[in-house]
Amino acid sequence: MNLARTLRTSAFVTLTLTALACGAGAESPSDGLPAQTGQYGVDGANADGGAGATGLESALAQAGFTVQAGTFEFMDMTACCQTSCSGNNPSSPYATFYVPPGPGQSAPNSKVRADGMSAAYRLRSDEAIVYVGTTPPQASYFGFTPYLMERTDPSGAVRTPFASLSETLNNLVIGTDAGGPFERTTAVIAAADAATTDRARAALLQSGVPAAAINVLTFDPTKGHFGLDETSDTFGVLFRMAVVKDAAKKDAYIAHPPGSVYRITPNAADAGSSPLPSPAARAKASSPNEAPLRPAVSRLGDAIKAAYPGYDAQTVRVDEGVPDPDACINGTAVCAGDNRDTTYPGTPPRVLFKDDDDFYVVFGANHQVTGKTAYSNVSVYALEKLVGIKSVASNEYPGSAAKYVPSDAQVGKLYAWKIARKCNGEAFCMEIPKGACPTGIENGALGNITFRTYLEPSSKTAPDPATLVGDRVLVFKKKAVAP
834 MNLARTLRTS AFVTLTLTAL ACGAGAESPS DGLPAQTGQY GVDGANADGG
884 AGATGLESAL AQAGFTVQAG TFEFMDMTAC CQTSCSGNNP SSPYATFYVP
934 PGPGQSAPNS KVRADGMSAA YRLRSDEAIV YVGTTPPQAS YFGFTPYLME
984 RTDPSGAVRT PFASLSETLN NLVIGTDAGG PFERTTAVIA AADAATTDRA
1034 RAALLQSGVP AAAINVLTFD PTKGHFGLDE TSDTFGVLFR MAVVKDAAKK
1084 DAYIAHPPGS VYRITPNAAD AGSSPLPSPA ARAKASSPNE APLRPAVSRL
1134 GDAIKAAYPG YDAQTVRVDE GVPDPDACIN GTAVCAGDNR DTTYPGTPPR
1184 VLFKDDDDFY VVFGANHQVT GKTAYSNVSV YALEKLVGIK SVASNEYPGS
1234 AAKYVPSDAQ VGKLYAWKIA RKCNGEAFCM EIPKGACPTG IENGALGNIT
1284 FRTYLEPSSK TAPDPATLVG DRVLVFKKKA VAP
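What follows is the structure, encoded as structure tokens:
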């Protein structure tokens, strides 16, 4: 795989299996989240007297399952610089379900922790992962995505498609007990088998979880190789949240994510004889369309160039980044943790800074303001270790274009952000320090700039790139002084 593709695919929202092997640890919760006693599936009973986690375990066992407890934890990324940070999104912390091996499993799961848990696990086609807990505080985005993590080819070689198996269960579609998507009870059944799903649903209902709060996340049975031996695929679920409104609540949720996770295995195996149907893709929206803003974006670009007369400006190519999970499963592409709720336009790998005076300005339509995204962002990456150094999200964009085109009629729908070594107090500017992973990049080192366009409200999935005015990048280099 060539260098450009390495960085572009790794700039997808990802965590490597190495990073997935490390949980965040069970720290004490801080103030800012509601007490979890009384939530379904968490400690204790719910306020109406329904069963909590113990009641759910009992109900699942009564339904004919072997029940093994797992955990729901946020990733510990502190060690990623030892291996690879795999294009992490600096705007978005990640969590996952860790579960033990299945009964009678003959081959180990991937990156097994000391406690026997793994975030990439082999599954019989009639097994499921069940989660019940509390959704995060108010945020621009959150979602659960199912993945085919690893596949063993006929030659015995193990490759890592890390490809999504369905649309993401995001905050616009998730079912909860009441009152919207945030800080509410929810349950997720991640499965490939309809009979197992139905029995798990009945157990959740018996334990007191409302029907409206039960969601199904499909491990597409037509795409996975299920089983517990060396030839079987491994699967996983990744959770993302981004732009949480209350920082204290965000920290509390990450430190002590509320919820219970179970691996359930039918005592009488049916070998997945009732597979779930392949989930349908959500239709993209054809409107609104940002095309009328294209002249305004061009005017903004001209004004940005004119604002720095002592510098030569060059346009940097931005490639369309639309993942193809089926190609990744088939071995003809690398997804590295794609999410169908976004696209990933980005620059090819380049020396980001040759000199301290070099800087960039990224600009374009503010996709959030135009109604095309719930949030979008721009991130700066260092190729070494594939680490996301810094990012800025669209909730911070308002007012940034007025620095260059204050009188433009469309200024409120535009943004512009400078990326430099030193901002010197300049507004709407992101400093990229020198240094090493995870906080800096040296002059002469390769990196890239990647954009994300998360979750069109009307379609509840990623926007159609054809309806967007693409984000643009200018690089500025100081003009040589005449002798």
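With positions in the sequence shown counted from 1, the corresponding number in my numbering is that position plus 833. Just so it is clear, CB atoms sit at the ideal spot from N, CA and C, and this is done for glycine as well. Quick caveat: nothing in here was measured; it's all calculated off a predicted structure.
N- and C-terminal bounds of the beta strand (DSSP E) containing residue i
i: T1051; result: I1047 to T1051
i: A915; result: Here residue 915 turns out to be Gln, not Ala, going by the sequence shown. Premise fails: Q915 is in no beta strand (DSSP E) and is neither H nor E.
i: K1251; result: L1247 to A1253
i: R1132; result: Where R1132 is concerned, there is no enclosing beta strand (DSSP E), although the alpha helix (DSSP H) it sits in stretches over R1127 to A1139.
Residues that residue i bridges to, as DSSP identifies them
i: S1224; result: S1212
i: R1183; result: G1280
i: M982; result: M982 pairs with nothing; no bridge assigned.
i: V900; result: I1097
i: S943; result: A953
i: Q1147; result: V1308
i: L1061; result: Answer by DSSP bridge pairing: none, since L1061 is not bridged.
i: V1006; result: According to DSSP, V1006 bridges with nothing at all.
Buried or exposed (CB count within 10 angstroms, at least 16 for buried), residue i
i: G858; result: With a pLDDT of only 37 at G858, under 50, the local geometry of the prediction cannot be trusted, and the value read off the model is given with reservation. That one is exposed.
i: T799; result: In the structure as shown, the chain begins at 834 and stops at 1316. Residue 799 is therefore absent and cannot be evaluated.
i: Q895; result: exposed
i: N1257; result: exposed
i: S861; result: Note that S861 scores 28 on pLDDT, short of 50, meaning its location in the model is unreliable; the coordinates nonetheless yield the value given after this. Flag for S861 reads exposed.
i: A1242; result: exposed
i: A1075; result: buried
i: D881; result: Reliability fails at D881, whose pLDDT of 34 lies under 50, so the model's placement of it is uncertain and the value that follows must be treated cautiously. Flag for D881 reads exposed.
i: G935; result: buried
i: V1308; result: buried
i: D1157; result: exposed
i: K892; result: Rather than Lys, the amino acid found at residue 892 in this sequence is Ala. The residue in question, A892, is buried, as its Cβ has 16 or more Cβ neighbours within 10 Å.
i: E890; result: buried
i: Q1201; result: buried
Residues near residue i by beta carbon distance below 6 Å, same chain, minus five either side
i: S1065; result: R955 and H1058
i: T993; result: E983
i: I1022; result: A961, V963, T1030, A1033 and V1049
i: M1263; result: K1223, V1225 and I1252
Close beta carbons around residue i, own chain, < 7 Å, minus the five adjacent residues each side
i: F1056; result: Sequence check: residue 1056 is Lys here, not Phe. Same-chain partners within the cutoff: L981, L998 and I1162.
i: A1046; result: G1008, T1009, D1010, T1018, T1019 and A1020
i: D1122; result: Asp is not the amino acid found at residue 1122; the sequence shown has Asn there. Excluding sequence neighbours, N1122 sits near T1300.
i: Y1237; result: L1133, A1136, I1137, A1140 and A1249
i: V1155; result: T1176 and P1298
Same chain, Cβ closer than 8 Å to residue i, five either side skipped, listed in chain order
i: I1265; result: L1185, F1186, V1213, I1222, K1223, I1252, A1253, R1254, G1273 and I1274
i: G1268; result: I1274 and E1275
i: V991; result: E983, R984 and T985
i: A1024; result: E960, A961, I962, T1030, A1033, V1049, L1050, T1051, F1052 and L1109
Boundaries of the alpha helix (DSSP H) in which residue i is found, first to last residue
i: K1083; result: A1080 to A1088
i: R1032; result: A1027 to Q1039
i: A1114; result: It is not in any alpha helix (DSSP H) - A1114 carries neither H nor E in the DSSP assignment.
i: C1256; result: It is not in any alpha helix (DSSP H) - C1256 carries neither H nor E in the DSSP assignment.
Interface flag, residue i vs chain D, CB-CB below 8 Å
i: A961; result: Absent here is chain D; the protein component of the structure consists of one chain.
Checklist entry - Three or more beta-carbon pairs under 8 Å between the stretch 1298–1316 and the stretch 1220–1227, yes or no? => result no
Checklist entry - Three or more C-beta pairs closer than 8 Å, one from the stretch 1281–1296 and one from the stretch 1109–1118: is that the case here? => result yes
Next on the checklist: Does the structure place the stretch 1273–1293 close enough to the stretch 1183–1196 that three or more beta carbon pairs sit under 8 Å?
Outcome noted: yes
Checklist entry - Three or more beta-carbon pairs under 8 Å between the stretch 1170–1178 and the stretch 1279–1291, yes or no? => result yes
Checklist entry - Are the stretch 899–916 and the stretch 925–933 touching by the rule of at least three beta carbon pairs closer than 8 Å? => result yes
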